[in-house]
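K.L.:
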Amino acid sequence: MDLSNTPNHQRHTQRLTEAEAVPDANLRPALDRLRAAYVANRMPSVDWRRQQLSRLEAMLRDNIDEICVAIAADFGHRSHHETQLLELFPAIAAIKHARRHVSGWMKPRRSWASMWFLPARNEIRPQPLGVVGIIVPWNYPILLAVAPLVGALAAGNRAFIKMSEFTPRTGALFAKLIETYFSNDEVLVVNGGAEVARAFSMLPFDHLLFTGSTAIGKLVMQAAAEHLTPVTLELGGKSPAVIGPDADITSAVSRIMFGKCLNAGQTCIAPDYVLVPRGKEVEFIDAARRFVSTHYPTIAANADYTSLVSQRHLSRLHGYLDEARAAGATVYPLNGAGESLDGTQKLAPTIVTGACDDCRLLQEEIFGPILPLIPYDGLDSAIGYINARPRPLALYYFGHDRRQIDQVLDETVTGGVSINETLLHISQEDLPFGGVGPSGMGAYHGKVGFDTFSKSKPIFHQSRFNGLAMFQPPFGQRFEALIRFLLK
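Each residue of the sequence shown is one higher than the one before, starting from 13 at the first, in the working numbering.
1) Taking DSSP's pairing of strands, which residues face R122 in a bridge?
2) Measuring only the C-alpha atoms, how far is P35 from S266?
3) Taking only the alpha-carbon atoms, compute the straight-line gap between L156 and T223 and give it to the nearest angstrom.
4) Which residue or residues does DSSP assign as beta-bridge partners of G88?
5) Between the C-alpha atoms of T310 and V208, what's the straight-line distance to the nearest angstrom?
6) With a CB to CB cut of under 7 Å and the five nearest residues on each side skipped, what residues in its chain are close to L130?
7) Taking 9 Å as the threshold (C-beta atoms), are L165 and I173 in contact?
8) Which same chain residues end up closer than 8 Å to G331 when comparing Cβ atoms and leaving out the 5 residues on each side of it in sequence?
9) Round the Cβ separation of V144 and L221 to the nearest angstrom and send it over; I've been treating them as touching at under 8 Å.
10) What does a CB cutoff of less than 6 Å around V420 pick up in its chain, not counting 5 residues either side in sequence?
11) Tell me where the beta strand (DSSP E) around F497 begins and ends.
12) Please classify A259: does DSSP put it in a helix, a strand, or coil?
13) Under 9 Å, do G458 and I255 count as touching if we go by C-beta distance?
14) Is it right to say R476 is buried, meaning 16 or more other beta carbons lie within 10 angstroms of its own, or is it exposed?
15) Put L216 into one of helix, strand or coil per three-state DSSP.
16) Can you give me the start and stop residues for the alpha helix (DSSP H) that S466 sits inside?
17) Using 9 Å as the threshold, is the C-beta distance between L231 and R210 below it?
18) Check whether the Cβ atoms of S251 and P289 lie closer than 9 Å to each other.
19) Output the boundary residues of the alpha helix (DSSP H) element that contains L443.
20) P381 and L407 - do their beta-carbons sit closer together than 9 Å?
21) Taking A338 and A367 to be in contact with their CB atoms under 8 Å, please state how far apart those CB atoms are, rounded to whole angstroms.
22) So, helix, strand or coil for L130, using DSSP?
23) Per DSSP, which one or two residues make a beta bridge with R170?
24) The beta strand (DSSP E) spanning I281 covers which residue range?
25) Helix, strand or coil for M453 per DSSP?
26) Tell me which residue opens and which closes the beta strand (DSSP E) that I431 is part of.
27) To test your reading of the DSSP string, which unbroken alpha helix (DSSP H) runs of 4 or more residues are found completely within the region 281-325?
28) Which one or two residues does DSSP pair with E246 in a beta bridge?
29) Of the residues P470, I154, L405 and Q416, which one's Cα is nearest the Cα of G428?
30) Determine which residues share a DSSP beta bridge with A253 and list them.
31) Do P56 and K467 have their C-beta atoms closer together than 9 Å?
32) Distance, Cα to Cα, S305 vs I146?
33) State the Cα-Cα distance for the pair G452 and E191, rounded to the nearest angstrom.
34) Would you give the residue range spanned by the beta strand (DSSP E) that P361 belongs to?
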């Protein structure tokens with residue numbers, strides 16, 4: 013989810029790889045304080061958990077304007093409405109969902125005992141892990157701090173959060189708000205650069221959740237291995253959108269472009285490229301041009317269109333386009349007003365056709381408002397194209413033929429799927445969110461998030477009658493007859 017292949021990213025990766033862990037004097041004592049609080053209350057009540065969630069909701073509601081201003085300043089420009097829609101609304105929805113259901117999630121669950129052990133009984137009892145570490149990316153700094161925090165608090169844990177150095181104003185504000193609404197033995201926030209990130213990753217957490225790029229995710233996992241800290245990695249990749257043979261092109265394009273243009277494409281599950289039936293490329297481009305002219309008639313001063321987070325990020329994307337164009341691709345900037353974007357950190361939505369397969373545009377996660385079109389001849393070839401590449405975080409299919417939908421679902425492996433829509437599977441609290449392979453490991457959201465941050469303790473209750481006496485030595489004829497019967 014983070015910047016990739018920028019000079020800044022490369023230096024960040026190098027420092028995280030080569031630097032000695034710089035033990036920030038505040039990190040270990042802070043972790044110890046959180047752990048001591050956990051030890052003092054290993055099984056917080058449902059009231060405690062609901063109070064934590066309510067405070068988190070109040071923190072967001074009370075500071076909407078300040079949060080929007082901080083994020084806009086970090087991006088250069090981001091619409092306050094977009095921040096409210098993409099970060100605050102889903103964060104508050106997640107809090108409400110957890111608060112409503114946490115009582116049921118906490119209850120021990122009966123599990124059937126094998127008939128050979130009756131009248132014994134089994135149960136599974138969820139137990140807080142202890143202290144959860146959360147490493148937050150820059151692209152949705154509030155949502156991707158709060159969403160895992162919701163699961164951690166609902167599960168009864170304490171939490172330690174590392175904010176991204178690429179959104180310093182938001183990180184500073186979030187630290188201040190957490191300090192105001194929570195005690196320092198409940199939730200803590202730290203800001204800092206790569207040295208702090210590495211030291212943070214090496215702390216002996218009971219669970220560590222990282223959201224960011226695959227490259228940095230590998231380094232976080234290596235650092236966490238020092239203490240065998242279990243990790244959840246929410247990474248990224250190239251998420252395809254597939255337009256089926258029977259799809260309504262105009263409707264599909266509208267939904268694809270919506271998912272691509274939000275946050276200027278700086279979304280880990282944004283459509284990264286589109287597989288379109290051969291011969292329908294022009295129809296797609298025309299529909300995309302109509303969508304952009306309707307929803308973003310101007311770009312440069314458009315309050316609804318987000319800037320790229322940095323000049324380096326913008327330069328990286330221009331480099332992708334220059335490379336593709338030099339190799340024979342056709343580039344279609346969807347800038348109906350023909351504005352100059354010089355002096356801004358904005359890039360107009362752009363369609364690319366004819367990109368060569370080995371160019372960076374088709375090899376690396378784009379993370380911006382550029383959308384390559386790739387024609388296909390038959391659904392089997394589209395599926396083959398997806399499966400020949402690393403497993404993506406998301407997949408989007410447009411069409412209504414049930415057999416074709418099932419074929420795509422059955423024959424591809426992805427983190428999550430939306431049918432006839434983009435992005436919205438991430439907003440469903442009853443669906444797990446997570447990747448697979450290079451796009452991530454583990455999942456959270458809703459009950460799955462509660463389980464991720466809990467130890468599901470299996471418990472066997474023996475009855476007063478113990479039939480196991482029949483299985484104890486010395487083994488005689490009765491045992492031999494019984495074991496032969498059991499092995500049939």
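Even glycine gets a Cβ: it sits at the ideal position worked out from N, Cα and C. These figures come from a predicted structure and were not determined experimentally.
P.N.:
So, to answer that:
1) Bridge pairing for R122: E135 [DSSP].
2) Only weak support is given to the placement of P35: the predicted model assigns it a pLDDT of 44, under 50, and the value that follows is read from those uncertain coordinates. The C-alpha of S266 is placed about 49 Å away from the C-alpha of P35.
3) The straight-line gap from Cα to Cα measures roughly 8 Å.
4) Residue pairing by DSSP places G88 opposite no residue, since no beta bridge is assigned to it.
5) Annotation: T310 to V208 spans about 40 Å, alpha carbon to alpha carbon.
6) Excluding the 5 residues flanking it on each side, L130 has no same chain C-beta neighbour closer than 7 Å.
7) Cβ distance not < 9 Å, so I173 and L165 don't count as in contact.
8) Leaving aside the five residues that flank G331 on each side, the residues in its chain whose CB is nearer than 8 Å to its CB run, in chain order, R372.
9) L221 and V144 do touch by the CB rule: their CB atoms are close to 7 Å apart, below 8 Å.
10) Correct list, in chain order: Y409.
11) Note, F497: premise wrong, no beta strand (DSSP E); alpha helix (DSSP H) at Q489 to L498.
12) A259 falls in the coil class under three-state DSSP.
13) No, the Cβ-Cβ distance between G458 and I255 is not below 9 Å.
14) Per the 10 Å Cβ criterion, exposed.
15) Reading off the sequence shown, one finds Pro at residue 216, where the question assumed Leu. Coil.
16) Counting along the chain, no alpha helix (DSSP H) covers S466; the unbroken beta strand (DSSP E) around it starts and ends at S466 to H473.
17) Yes; because the gap between Cβ atoms is below 9 Å, this pair is in contact.
18) Contact: no.
19) According to the DSSP assignment, L443 belongs to no alpha helix (DSSP H), since it is labelled neither H nor E.
20) In this structure, the beta-carbon distance from L407 to P381 does not fall below 9 Å.
21) Rounded, the Cβ-Cβ distance is 11 Å, inconsistent with contact.
22) If DSSP states are grouped into helix, strand and coil, L130 belongs with coil.
23) Answer by DSSP bridge pairing, in chain order: V143.
24) No beta strand (DSSP E) holds I281; DSSP gives it neither H nor E.
25) Strand, per DSSP.
26) Annotation for I431: the continuous beta strand (DSSP E) segment containing it runs G428 to I431.
27) Listed in chain order, they are 293-307.
28) T223 and G452, per the DSSP bridge assignment.
29) Nearest option by C-alpha distance: L405.
30) Listed as beta-bridge partners of A253 by DSSP are V286 and Y408.
31) Contact: no.
32) I146 has its alpha-carbon roughly 39 Å from the corresponding atom of S305.
33) Each residue's alpha carbon lies about 31 Å from the other.
34) First-last for P361: undefined, no H or E at that position.
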